[in-house]
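Trainee: Chains as they are written, first to last, in UniProt numbering: chain A, 1 to 326; chain B, 1 to 326. For each residue, glycine too, the CB sits at the ideal point set by N, CA and C. Here the structure is a predicted model, which means the values were calculated and not measured. Quick one: the structure is below, and I'll ask about it shortly.
There are 2 protein chains.
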Amino acid sequence: MPGKLKNIGVVGLGLMGSSIIVSFLKAGCRVIALTPLSEELEIGKKRVLEQLNLCKEMGLLSENEDYYTNNLIICDDYNFLKDCDLVNECVIEIEEIKKDVYHKIENVVHPKCIISTNTSAIPINILQQYFIKPDRFMGIHWAEPAYSTRFLEITCGIKTNVELAELVQKEAINWEKEPTLLYKDIRGFITNRLMYAVYRQGFELINKGIVDLAGLDKCFQYDIGQWITVMGLFKRMDYEGLDKYVSSYSVIFPLLSISNEVPPQMKRILEINGRGIHNLKGLYNHSSESAEILEDNLSTFNEEIYKLADLYRIKLKQFKLSEIKK
Amino acid sequence: MPGKLKNIGVVGLGLMGSSIIVSFLKAGCRVIALTPLSEELEIGKKRVLEQLNLCKEMGLLSENEDYYTNNLIICDDYNFLKDCDLVNECVIEIEEIKKDVYHKIENVVHPKCIISTNTSAIPINILQQYFIKPDRFMGIHWAEPAYSTRFLEITCGIKTNVELAELVQKEAINWEKEPTLLYKDIRGFITNRLMYAVYRQGFELINKGIVDLAGLDKCFQYDIGQWITVMGLFKRMDYEGLDKYVSSYSVIFPLLSISNEVPPQMKRILEINGRGIHNLKGLYNHSSESAEILEDNLSTFNEEIYKLADLYRIKLKQFKLSEIKK
């Protein structure tokens with residue numbers, strides 16, 4: 001059940017926006033779903049209801065469908081946002097469009113309304129400059145589909161009131177998330193930043209002839225996949241025995257990549273305009289059939305791992321393992 | 001069914017050794033299980049049979065138990081190794097002891113027998129110097145439990161005959177592994193090297209005050225865990241759309257950590273002799289109960305994800321997605 005943030009606005013009814021809407025509905029919030037494009041109102045409605053249905057089929061809804069549709073208004077009129085406690089913008093990643101949307105939102109909402117963006121492309125600090133009251137603005141970055149993933153990054157811009165971000169983090173637990181608060185806005189947020197460290201290191205090993213691309217991929221997939229869901233990074237270290245890490249840090253850190261170069265195979269991809277499975281030009285050979293299987297696989301796995309992870313999540317919660325040593 | 005490597009020797013009957021033995025038995029190999037410590041023969045026998053039983057309980061054995069025990073000799077006499085096609089050493093990580101074991105192995109096996117080590121602590125290049133025929137020696141590094149994980153790193157030392165390593169890689173597919181061949185011996189092999197890049201980057205973000213340790217941990221766990229099992233690293237990039245990575249590489253690589261320093265919280269851990277869940281002094285607060293749950297969780301999850309991953313693995317195999325563009 002929602003706490004202090006009961007009335008939620010979501011602006012933008014794309015794939016991401018509609019799954020975020022369903023996530024809020026599932027949490028018992030009232031949602032104003034707004035498209036900034038009147039001509040997309042009908043397709044937007046359809047998309048939201050489709051996502052709601054998918055969520056229902058996954059068995060993630062505890063009430064019947066009416067309960068959720070009664071809590072939902074789909075519209076193209078910004079005035080409907082006036083009672084919102086939180087608005088989450090999910091429109092296209094174009095700064096000028098977002099700027100225009102923010103003006104329209106800020107024009108109608110009450111002074112205490114928190115405004116947020118799902119952007120992963122434009123720094124929060126840059127978008128924040130378009131606000132009259134910038135302290136109420138922050139990033140709320142979801143994974144897709146929002147209703148069946150736990151991931152949530154809440155990012156403070158330089159002018160964000162941290163207390164508001166902490167409030168959102170607290171509320172996000174009611175949305176059934178495992179929210180992470182970023183006190184500063186950094187490019188790539190957390191997981192991208194960490195994964196880019198992996199890409200940099202990975203390409204270096206490949207290009208030094210130590211391992212081939214598929215070999216490295218399998219290694220990471222089958223090693224990390226075997227424990228990440230129950231442990232995360234640092235709990236894994238506690239499990240493996242912390243002592244052995246301290247000494248190997250000083251040996252291995254100096255061996256790690258410090259390259260800033262785009263790897264040659266990625267430059268070649270750029271030359272042939274490779275977009276991976278989207279135009280069947282990628283690091284791997286893809287056919288339209290294999291690309292489809294990959295999409296299907298992710299969609300089914302997503303559902304399975306969400307439910308599986310929960311069993312372990314609940315057991316550990318009892319022991320408040322998420323509390324960190326001071 | 002095994003191909004060219006039918007007769008396998010495993011030296012060392014610890015937890016790792018016994019689960020490797022079961023992995024070979026499961027693959028239909030004949031196994032000589034040898035303990036270098038006569039006084040550990042009985043406990044070693046017990047350990048191997050326990051692991052075989054666990055493997056059976058997981059439903060991973062296709063034959064009845066007799067089939068496997070008939071293929072198994074547990075002994076303390078190196079002469080039993082004389083007909084082995086491959087010997088895998090899994091004794092304690094002490095160079096002098098390994099050296100002694102290698103002399104005893106090489107003394108009895110036939111000239112074509114491949115000899116390997118499960119070490120993760122001592123470089124293959126160093127151990128290789130203890131061989132009369134060093135070209136037949138390589139690393140074969142397993143994850144635990146060996147019979148219910150797909151991970152396998154095969155590592156060439158500087159004197160290893162690469163063709164032999166490629167033969168082992170090919171055979172390892174019969175052992176139901178997803179084997180990775182390392183053409184050169186590097187510290188930390190592949191996954192450790194990649195994960196150390198994550199640790200370095202992660203601690204930097206934490207120590208710059210951008211995120212706290214538990215927040216970063218959740219982020220990585222719930223983002224990566226949501227897809228790693230079906231995609232790996234590079235297939236994920238193909239899926240997300242490769243084009244967007246090329247431009248962000250040149251932006252984000254220069255922002256990544258290049259620090260060689262052991263993070264201060266890890267130095268503090270060293271000062272208090274913190275060994276994580278093993279002495280309840282770790283990065284997280286642990287109690288003996290929560291440590292036990294963590295162990296239980298990993299053990300159950302390990303089984304679940306092994307089976308779950310297989311569904312996706314089989315579907316993709318049909319399309320040979322693991323073939324890389326030349």
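Out of A:81, A:86, A:92, A:122, state which residue places its alpha-carbon closest to the alpha-carbon of residue 104 of chain A.
Mentor: Stepping through the first sequence from its first residue, residue 104 of chain A is reached at position 104. When only C-alpha atoms are compared, the closest one is A:81.
Trainee: So what does DSSP say about residue 143 of chain A, is it helix, strand or coil?
Mentor: As a position in the first sequence, residue 143 of chain A is number 143, starting the count at 1. Coil, per DSSP.
Trainee: Quick one: which chain A residues come within Cβ less than 7 angstroms of residue 223 of chain B?
Mentor: Translated into the one-based positions of the second sequence, residue 223 of chain B becomes position 223. Result: 143, 151, 191.
Trainee: Just mark residue 110 of chain B as buried or exposed, buried being the case when its beta carbon has 16 or more other beta carbons within 10 Å.
Mentor: By 1-based counting over the second sequence, the position of residue 110 of chain B is 110. By the neighbour-count rule (16 or more Cβ atoms within 10 Å), residue 110 of chain B is not buried but exposed.
Trainee: Label residue 145 of chain A either buried or exposed according to how many other C-beta atoms from any shown protein chain fall within 10 Å of its C-beta, with 16 as the threshold for buried.
Mentor: Indexing the first sequence from 1 puts residue 145 of chain A at position 145. The residue in question, residue 145 of chain A, is buried, as its Cβ has 16 or more Cβ neighbours within 10 Å.
Trainee: Rounded to whole angstroms, how far is the Cβ of residue 263 of chain B from the Cβ of residue 203 of chain B, which I believe are closer than 8 angstroms?
Mentor: Reading the second sequence from its first residue, position 263 is the one you call residue 263 of chain B. Reading the second sequence from its first residue, position 203 is the one you call residue 203 of chain B. That pair is a contact at about 4 angstroms.
Trainee: Tell me whether residue 44 of chain B is buried or exposed, calling it buried when 16 or more other Cβ atoms sit within 10 Å of its Cβ.
Mentor: If you number the second sequence from 1, residue 44 of chain B lands on position 44. Residue 44 of chain B is buried by the Cβ-count criterion.
Trainee: To be precise: take each residue of the segment 226-241 of chain A, compare its Cβ to all Cβ atoms of chain C, and keep it if any distance is under 9 angstroms. Which residues remain?
Mentor: The question asks about chain C, but that chain is absent: this structure's protein chains are A and B.
Trainee: Report buried or exposed for residue 67 of chain B, applying the criterion of at least 16 other Cβ atoms within 10 angstroms of its Cβ.
Mentor: Taking the first residue of the second sequence as position 1, residue 67 of chain B is located at position 67. Answer is exposed; the Cβ neighbour count stays below 16.
Trainee: Which runs of the beta strand (DSSP E), 3 residues or longer, sit entirely within the segment 93-138 of chain A?
Mentor: Segments of the beta strand (DSSP E) lying fully in the segment 93-138 of chain A: 114-117.
Trainee: Please list the partners that residue 201 of chain B has in chain A, where partner means a Cβ-to-Cβ separation under 7 angstroms.
Mentor: Translated into positions along the second sequence, residue 201 of chain B becomes position 201. Under the 7 angstroms cutoff, chain A gives 193, 194, 197.
Trainee: Is the distance from the Cβ of residue 217 of chain B to the Cβ of residue 235 of chain A below 8 angstroms?
Mentor: The residue given as residue 217 of chain B occupies position 217 in the second sequence. The residue given as residue 235 of chain A occupies position 235 in the first sequence. Closer than 8 angstroms, so yes.
Trainee: Quick one: Cα of residue 83 of chain B to Cα of residue 107 of chain B, how far?
Mentor: Counting from 1 along the second sequence, the entry for residue 83 of chain B is found at position 83. Counting from 1 along the second sequence, the entry for residue 107 of chain B is found at position 107. Between residue 83 of chain B and residue 107 of chain B, the C-alpha separation is close to 12 angstroms.
Trainee: Can you tell me where the beta strand (DSSP E) holding residue 180 of chain B begins and where it ends?
Mentor: Residue numbering aside, residue 180 of chain B sits at position 180 when the second sequence is read from its first letter. Segment 178-182, the beta strand (DSSP E) holding residue 180 of chain B.
Trainee: Give the C-beta separation of residue 254 of chain B and residue 260 of chain A to the nearest angstrom, bearing in mind that I take them to be a contact with Cβ-Cβ under 8 angstroms.
Mentor: Position 254 of the second sequence holds residue 254 of chain B. Position 260 of the first sequence holds residue 260 of chain A. With a Cβ gap of about 5 angstroms, residue 254 of chain B and residue 260 of chain A count as contacting.
Trainee: Considering only residues of the same chain and omitting the five flanking positions on each side of residue 196 of chain B, which have a CB-CB separation below 7 angstroms?
Mentor: Your numbering for residue 196 of chain B matches position 196 in the second sequence. Contacts found: 188.
Trainee: Would you be able to state if there are at least three C-beta pairs under 8 angstroms between the segment 55-69 of chain B and the segment 155-171 of chain B?
Mentor: Cβ pair count under 8 angstroms is below three, so no.
Trainee: Ignoring anything shorter than 4 residues, give me the alpha helix (DSSP H) runs that lie fully in the segment 247-306 of chain B, in order along the chain.
Mentor: Correct list: 264-271.
Trainee: Between the segment 274-285 of chain B and chain A, which residues of the former have a C-beta closer than 7 angstroms to a C-beta of the latter?
Mentor: For the segment 274-285 of chain B, which is checked against every Cβ of chain A, the residues closer than 7 angstroms are 274, 275, 276, 277, 278, 282, 283, 284, 285.
Trainee: Which chain B residues are close to residue 262 of chain A, counting only those with a beta carbon under 8 angstroms from its beta carbon?
Mentor: Stepping through the first sequence from its first residue, residue 262 of chain A is reached at position 262. Result: 246, 249, 250, 253.
Trainee: Rounded to whole angstroms, how far is the Cβ of residue 327 of chain B from the Cβ of residue 148 of chain B, which I believe are closer than 8 angstroms?
Mentor: The displayed coordinates of chain B run from 1 to 326. Any statement about residue 327 of chain B would go beyond what the structure contains.
Trainee: Using a Cβ-Cβ distance cut-off of 8 angstroms, determine whether residue 219 of chain B contacts chain A.
Mentor: For the purposes of this step, residue 219 of chain B is identified with residue 219 of the second sequence, where counting begins at 1. Yes, residue 219 of chain B lies at the interface with chain A (some Cβ there is under 8 angstroms from its Cβ).
Trainee: Starting from residue 161 of chain B, trace the beta strand (DSSP E) both ways and give me its first and last residue.
Mentor: Here the question's residue 161 of chain B lines up with position 161 in the second sequence. Here residue 161 of chain B belongs to no beta strand (DSSP E), and DSSP marks it neither H nor E.
Trainee: Got a sec: is the Cβ-Cβ distance from residue 118 of chain A to anything in chain B below 8 angstroms?
Mentor: Taking the first residue of the first sequence as position 1, residue 118 of chain A is located at position 118. With 8 angstroms as the cut-off, residue 118 of chain A does not count as an interface residue toward chain B.
Trainee: What's the gap between the Cα of residue 127 of chain B and the Cα of residue 99 of chain B?
Mentor: Along the second sequence, read from residue 1 onward, the residue named residue 127 of chain B stands at position 127. Along the second sequence, read from residue 1 onward, the residue named residue 99 of chain B stands at position 99. Roughly 7 angstroms separates the two Cα atoms.
Trainee: By Cβ distance below 8 angstroms, which residues in the same chain neighbour residue 231 of chain B in space, the five residues on each side in sequence not counted?
Mentor: Along the second sequence, one-based indexing puts residue 231 of chain B at 231. So the qualifying residues of the chain are 239.
Trainee: As a quick exercise: from B:271, B:46, B:194, pick the residue whose alpha carbon is nearest that of residue 233 of chain B.
Mentor: In the second sequence, the residue the question calls residue 233 of chain B occupies position 233. It is B:194.
Trainee: Under a CB-based cut-off of 8 angstroms, is residue 19 of chain A close to chain B?
Mentor: Residue numbering aside, residue 19 of chain A sits at position 19 when the first sequence is read from its first letter. Not closer than 8 angstroms to any Cβ of chain B, the Cβ of residue 19 of chain A fails to qualify, so no.
Trainee: Give, in chain order, every residue of the segment 288-309 of chain B whose Cβ lies closer than 9 angstroms to some Cβ of chain A.
Mentor: Taking 9 angstroms as the Cβ-Cβ cut-off against chain A, the residues of the segment 288-309 of chain B that qualify are 289, 290, 291, 293, 294, 295, 296, 297, 298, 300, 301, 302, 304, 305, 306, 308, 309.
Trainee: Check residue 193 of chain A in the structure and name its three-state DSSP category.
Mentor: As a working note, residue 193 of chain A is residue 193 in the first sequence. Note: residue 193 of chain A maps to helix in three-state DSSP.
Trainee: Please tell me whether residue 26 of chain A and residue 72 of chain A are closer than 8 angstroms, where the distance is taken between their beta carbons.
Mentor: As a first step, residue 26 of chain A must be located in the first sequence, where it is residue number 26. As a first step, residue 72 of chain A must be located in the first sequence, where it is residue number 72. No, Cβ-Cβ distance for residue 26 of chain A and residue 72 of chain A is not below 8 angstroms.
Trainee: Counting along the chain, where does the beta strand (DSSP E) carrying residue 32 of chain B start and finish?
Mentor: Here residue 32 of chain B is taken as the residue at index 32 of the second sequence, counted from 1. Unbroken beta strand (DSSP E) run through residue 32 of chain B: 30-34.
Trainee: Exposed or buried, what is residue 277 of chain A when buried is set at 16 or more other beta-carbons lying within 10 Å of its beta-carbon?
Mentor: The residue you call residue 277 of chain A lines up with position 277 of the first sequence. So residue 277 of chain A counts as buried.
Trainee: Express the C-alpha separation of residue 34 of chain B and residue 327 of chain B in angstroms, rounding to a whole number.
Mentor: With chain B covering 1 to 326 only, the question about residue 327 of chain B has no answer from this structure.
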